[in-house]
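Engineer: Numbering (our numbering), first residue to last: 320 to 1085. I'd like to ask some things about the structure below.
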């Protein structure tokens, strides 16, 4: 993308109209400023000008040949004509040449009806073809991976897709192979695509050469009903459009939002909706009798849950887990139901992750800068954060800053896949965070201008969290214009926290004087002394906590209610199962990682037997004769916009917790974009993107233990153990073992009640 001089203006004339633009502006950009339409194919304003298609030809005074306006820089006094006979004829000939081999399969092409080639052929083409010979043919379609298909006959070699993979995603997933007349789009070495952003290439392809395996041949664009909403499959909260027909989702696509995702989505956003139409979805309420489920009427199940809540009201052994997949309004009703009808504060949304009290948390999650401003950064410091796996679209915004020569420093336990684009990468073992931060002060003195510090899982899920954050605050104080961004959580966890699904917080962040128990403490207490009532909504603790802890807790739990889309591991053990709606079937609010309130709107028809989480909570409360009240002030606060980030300072010394056996192998944990989550497992195309999981070691660590790639191993921490296979990774620190979360073949949860980075482990070959 061209960098424009901010102050120096030049004046040129286009079609008789004078216009002044910053130096560095192209003729195409200047024409657009005047509202003059010049047809394009290869040009995309998020990518550097390329000039491949020649569709944007214009005539420039004193230049003998037609010029590509997308690459031609405007100069002072330049006179441009876009509609001269010569320019019109030039564009006409380009269209004619493109159509020589382009198949006339518009009636069956997914791009038909929203195709730039169709539109430009109509507006700027010859109308009648002079070409009667046989067109070239390829075997079609060519699958490039689980979600992408290529029709080579349609491709016009505009390079939009390959440039996106090079200039933005950085994964080089698509490239040109062969040369000249034989040039075509392919993948490196002909292997299936390796990308988290390939759905964007379908959107920017101007001719329908790239199509979605999920959407292919399902609908025509004019038959679809579009609904603008927010993706809630990760904490970024990208704006998206759901296209539905006859009440069923045909596809999802990005919706331009400069403040959040710009034009882009990750592949979870592009293709991760099929689970909402899965045949495995719960359709009836279930009640367990004598260890066996039976289908029940909705009213019967609601009445039973209300009855059980009333029986234990006033006792302390009541709790609720959930929140991340609920809307913010539903989270508010959930905590109100438990606090009002249960009389306790034992409610939590932090499931299967190390849990900090407010006193030990140090700094709360959230971003001080906006996502949209990432493109303007002069430097970024990434501390233990794997952006493409946990906050994928943030990487696409940051990459624009890197393309403008922003400096980036990464420090962590292993190098993320985007590390080649960083200015400097520092790898260190768990437990060395504070020393690394202290040693980087001199290096960072060369970083100037607007900056941002991003802190992620490797630094935050650490027993030394407060000491680490104290050191980061000292580092932050060295700069004048730097934001501090704490990136943790999942889906709508910011909304759950704001709504009060937290044992220490009421809605809007008000602290409780009598806090309840967090999720882990509830399970430990249940396992030790028994528990009366647990309500689980939209989460799966049976698959998140150590199995022995969950089994002991469940054995001593008198009544379990589970509210979900599928019969999860937790739901199978419930006394009552209440089916509910997915995020594409309900309305409400979503609060993303920058504390931005965005709206969800239903884009899919709701089955008659299913109800939203909000309605279920309300009807249980009504059946218990204590209806839930609407808080007008809370709802008023959920207007679209960014909520203030209320952070308390760290009132603690920066002394770290000392660890013994510093040279022993230590754990670090990672979250993958594509894993074995409940929804992912019921998404047939996206689930094919899930890779086999391994415990990763540096080759030197593996060699010292006599291990080779793929060897079966046993991992032991104290009295706990698990089995897995080993993988070798040169791009990680010594004395470190990397465990991906949420994979059955790497059951990391079995190692400890809380998966802290830095657990001392032993690994032996089986």
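Ideal placement from N, C-alpha and C gives every residue a C-beta, glycine not left out. Values in this document were obtained by computation on a predicted structure and should not be read as measured data.
Could you tell me which whole alpha helix (DSSP H) segments of length 4 or greater appear in the stretch 430 to 477?
Structural biologist: 435 to 443
Engineer: If you count every other CB in all the chains shown that lies within 10 Å of the CB of residue 421, and 16 or more means buried, which is it?
Structural biologist: For the purposes of this step, residue 421 is identified with residue 102 of the chain shown, where counting begins at 1. Around the C-beta of residue 421, 16 or more other C-beta atoms lie within 10 Å, and the residue is accordingly described as buried.
Engineer: Nearest-angstrom Cα distance between residue 790 and residue 759?
Structural biologist: Translated into the one-based positions of the chain shown, residue 790 becomes position 471. Translated into the one-based positions of the chain shown, residue 759 becomes position 440. Using only the alpha carbons, I get a separation of about 11 Å.
Engineer: For residue 640 versus residue 896, is the C-beta spacing smaller than 8 Å?
Structural biologist: As a working note, residue 640 is residue 321 in the chain shown. As a working note, residue 896 is residue 577 in the chain shown. In this structure, residue 896 does not lie closer than 8 Å to residue 640 by Cβ.
Engineer: Following the continuous beta strand (DSSP E) through residue 572, name the residue where it begins and the one where it ends.
Structural biologist: On the chain shown, residue 572 is found 253 positions in, with the first residue counted as 1. Looking at the DSSP string, the run of the beta strand (DSSP E) that includes residue 572 is 567 to 573.
Engineer: Tell me which same chain residues have a C-beta within less than 6 Å of the C-beta of residue 780, skipping the five on either side of it?
Structural biologist: For the purposes of this step, residue 780 is identified with residue 461 of the chain shown, where counting begins at 1. Only 673, 1076 meet the Cβ criterion.
Engineer: Measuring only the C-alpha atoms, how far is residue 494 from residue 532?
Structural biologist: Translated into the one-based positions of the chain shown, residue 494 becomes position 175. Translated into the one-based positions of the chain shown, residue 532 becomes position 213. Taking the straight line from one Cα to the other gives about 20 Å.
Engineer: Relative to the C-alpha of residue 894, which residue among 903, 882, 905 is closest?
Structural biologist: Counting from one through the chain shown, the residue named residue 894 turns up at place 575. Comparing Cα positions, the closest option is 882.
Engineer: At what residue ranges does the stretch 922 to 968 contain a whole run of the alpha helix (DSSP H), taking only runs of 4 or more?
Structural biologist: 932 to 942, 951 to 956
Engineer: Using a Cβ distance threshold of 8 Å, determine whether the stretch 352 to 369 contacts the stretch 473 to 488, with at least three qualifying pairs required.
Structural biologist: yes
Engineer: Considering only the alpha carbon of each residue, which of 1035, 556, 898 lies closest to residue 620?
Structural biologist: Locating residue 620 in the chain shown gives position 301, where the first residue counts as 1. It is 898.
Engineer: I'd like to know whether the C-beta atoms of residue 530 and residue 468 end up nearer to each other than 8 Å.
Structural biologist: Here residue 530 corresponds to residue number 211 of the chain shown, with the count starting at 1. Here residue 468 corresponds to residue number 149 of the chain shown, with the count starting at 1. Yes, the Cβ-Cβ distance between residue 530 and residue 468 is below 8 Å.
Engineer: Could you spell out where the alpha helix (DSSP H) holding residue 1003 opens and where it closes?
Structural biologist: The residue you call residue 1003 lines up with position 684 of the chain shown. DSSP places residue 1003 in the uninterrupted alpha helix (DSSP H) bounded by 1003 to 1006.
Engineer: Quick one: residues in its chain with C-beta nearer than 8 Å to the C-beta of residue 695, no 5 flanking neighbours on either side, listed in chain order?
Structural biologist: Position 376 of the chain shown, counting from 1, holds the residue named residue 695. Cβ within range, chain order: 720, 769.
Engineer: Please list, in chain order, all residues of the same chain as residue 830 whose beta carbon is under 8 Å from its beta carbon, the five residues on each side excluded.
Structural biologist: Here residue 830 refers to the residue found at position 511 when the chain shown is read from its first residue. So the qualifying residues of the chain are 677, 823, 824.
Engineer: Quick one: grab the DSSP three-state call for residue 579.
Structural biologist: Taking the chain shown and counting its residues from 1, one reaches residue 579 at position 260. Of the three classes helix, strand and coil, the one that applies to residue 579 here is coil, per DSSP.
Engineer: Considering only residues of the stretch 647 to 706, which uninterrupted alpha helix (DSSP H) runs meet the minimum length of 4 residues and lie entirely inside it, listed in chain order?
Structural biologist: 647 to 655, 677 to 680
Engineer: Given this structure, state the Cα-to-Cα distance separating residue 312 from residue 788, to the nearest angstrom.
Structural biologist: Outside the shown range of the chain, which is 320 to 1085, sits residue 312, and nothing can be said about it.
Engineer: For residue 355, which residues of its own chain have a beta-carbon under 7 Å away from its beta-carbon, when the five flanking residues on both sides are left out?
Structural biologist: For the purposes of this step, residue 355 is identified with residue 36 of the chain shown, where counting begins at 1. If we look at residue 355 and ignore the five residues flanking it on each side, its Cβ neighbours are 333, 334, 401.
Engineer: What do you get for residue 541, buried or exposed, if any count of 16 or more other CB atoms within 10 angstroms of its CB means buried?
Structural biologist: The count along the chain shown starts at 1 and reaches residue 541 at position 222. Result: exposed.
Engineer: Once DSSP output is grouped into helix, strand and coil, what is the label at residue 479?
Structural biologist: Taking the chain shown and counting its residues from 1, the one referred to as residue 479 is at position 160. Residue 479: helix per DSSP, three-state reduction.
Engineer: Rounded to whole angstroms, what's the CA-CA distance from residue 552 to residue 419? Just pull it up for me.
Structural biologist: Counting from one through the chain shown, the residue named residue 552 turns up at place 233. Counting from one through the chain shown, the residue named residue 419 turns up at place 100. Cα-Cα distance, rounded: 43 Å.
Engineer: Should residue 502 be labelled buried (16 or more other beta-carbon atoms within 10 Å of its own) or exposed?
Structural biologist: Start at 1 with the first residue of the chain shown, and residue 502 comes out as number 183. Flag for residue 502 reads exposed.
Engineer: Would residue 1036 pass as a contact of residue 1080 if the rule is Cβ separation under 8 Å?
Structural biologist: Within the chain shown, residue 1036 is the residue found at index 717, counting from 1. Within the chain shown, residue 1080 is the residue found at index 761, counting from 1. It is a contact, given that the beta carbons lie within the stated cut-off.
Engineer: Report the rounded CA-to-CA distance for residue 932 versus residue 939, giving the unit in angstroms.
Structural biologist: Numbered from 1 along the chain shown, position 613 holds the residue referred to as residue 932. Numbered from 1 along the chain shown, position 620 holds the residue referred to as residue 939. Approximately 11 Å between the Cα atoms of the pair.
Engineer: So is residue 755 buried or exposed if we call it buried at 16+ other beta carbons inside 10 Å?
Structural biologist: Numbered from 1 along the chain shown, position 436 holds the residue referred to as residue 755. So residue 755 counts as buried.
Engineer: Give me the residue from 847, 652, 433, 776 with the minimum Cα distance to residue 543.
Structural biologist: The residue you call residue 543 lines up with position 224 of the chain shown. The candidate whose alpha carbon is nearest that of residue 543 is 433.
Engineer: For the beta strand (DSSP E) that contains residue 1045, what are its first and last residues?
Structural biologist: As a first step, residue 1045 must be located in the chain shown, where it is residue number 726. Residue 1045 -> beta strand (DSSP E) spans 1039 to 1047.
Engineer: Looking only at DSSP bridge pairs, what is residue 368 linked to?
Structural biologist: Locating residue 368 in the chain shown gives position 49, where the first residue counts as 1. According to DSSP, residue 368 bridges with nothing at all.
Engineer: Under 8 Å, with one C-beta from each stretch per pair, do the stretch 983 to 993 and the stretch 436 to 449 reach the 3-pair mark?
Structural biologist: no
Engineer: Leaving out the 5 sequence neighbours to the left and right, which residues in its chain are closer than 6 Å to residue 652 when beta-carbon positions are compared?
Structural biologist: Within the chain shown, the letter at position 333 stands for residue 652. So the list reads 933, 936, 947, once near-sequence residues are dropped.
Engineer: Have a look at 728, 804, 480 and flag the residue whose alpha-carbon is nearest the alpha-carbon of residue 764.
Structural biologist: Position 445 of the chain shown, counted from the first residue, corresponds to residue 764. Out of 728, 804, 480, 728 has the C-alpha closest to the C-alpha of residue 764.
Engineer: When DSSP labels each residue in this structure, what does residue 760 get in the three-state scheme?
Structural biologist: Taking the chain shown and counting its residues from 1, the one referred to as residue 760 is at position 441. Here residue 760 sits in helix by DSSP.
Engineer: State yes or no: is the C-beta of residue 492 within less than 8 Å of the C-beta of residue 517?
Structural biologist: Reading the chain shown from its first residue, position 173 is the one you call residue 492. Reading the chain shown from its first residue, position 198 is the one you call residue 517. Yes, Cβ-Cβ distance for residue 492 and residue 517 is below 8 Å.
Engineer: Need the endpoints of the beta strand (DSSP E) that residue 407 sits in, please.
Structural biologist: Counted from its first residue, the chain shown places residue 407 at position 88. Counting along the chain, residue 407 falls outside any beta strand (DSSP E), though it belongs to the alpha helix (DSSP H) covering 404 to 417.
Engineer: Using a Cβ-Cβ cutoff of less than 7 Å, which residues in the same chain neighbour residue 1078 once the five nearest sequence positions on both sides are dropped?
Structural biologist: Taking the chain shown and counting its residues from 1, one reaches residue 1078 at position 759. The residues are 985, 986, 1036, 1070, 1071.
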